[in-house]
Amino acid sequence: MDILIVDDTLETRIVLAQLVKLAGGRVVAQASSAAEALEWLRNHRVDLVITDYQMPECRGDELAVMIRQSWPTTRIALVSVRHDADLTEKAQDAGVDWILAKPVGISTMEAIIRSVAGPTSRIRADEDITRQFGDQGVRSG
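Here my numbering runs 699 ahead of the position in the sequence shown, where the first position is 1.
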């Protein structure tokens, strides 16, 4: 499973990449902006984009809308320190699959990876995500 991480902060990209690896995923690229991510996506396919919500030139929900228009089957996880009704509404309208509260834990990342990998993967399927996490920062889309 191929994953693109988008965050304007290098340290956050590094931490997310380590979590993805520990959870059984594979980060194939990292981007520091929405523009860089979109440019990379024009030439490569990924299964999942993990993007920060608050970035200088383009918010994560805005990036999600652009991804949905061009690559509708790509799954999207939005990472944010905020977790309120306004963010939830924006994320849902943008077609985001999950909202992840910072700091993202390994069990949350494992659940997302399993969900994207699907039931035929050797990684356990996502049938237990809701039971495992409820509404604790993970929204299954």
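Beta carbons: idealized from backbone N, C-alpha and C, even for Gly.
| Check | Outcome |
| --- | --- |
| Three or more C-beta pairs under 8 Å: does that hold for the stretch 769 to 788 against the stretch 716 to 736? | no |
| Can you look up Ala763 in the DSSP assignment and give me helix, strand or coil? | helix |
| Enumerate in chain order the residues of its own chain whose CB-to-CB distance from Gln696 is below 7 Å, with the five nearest sequence positions on each side excluded. | The question about residue 696 has no answer here: the residues shown for the chain are numbered 700 through 840. |
| Out of Ile811, Met808 and Val727, point me to the one whose CA is closest to Asn742's CA. | Val727 |
| From this set, Ser731, Ala736, Leu747 and Leu709, which residue's C-alpha is nearest Asp796's C-alpha? | Leu747 |
| Counting C-beta neighbours from all protein chains within 10 Å, is the total for Asp783 16 or more, i.e. buried, or is it exposed? | exposed |
| Please name the residue or residues paired with Asp751 in a DSSP beta bridge. | Val778 |
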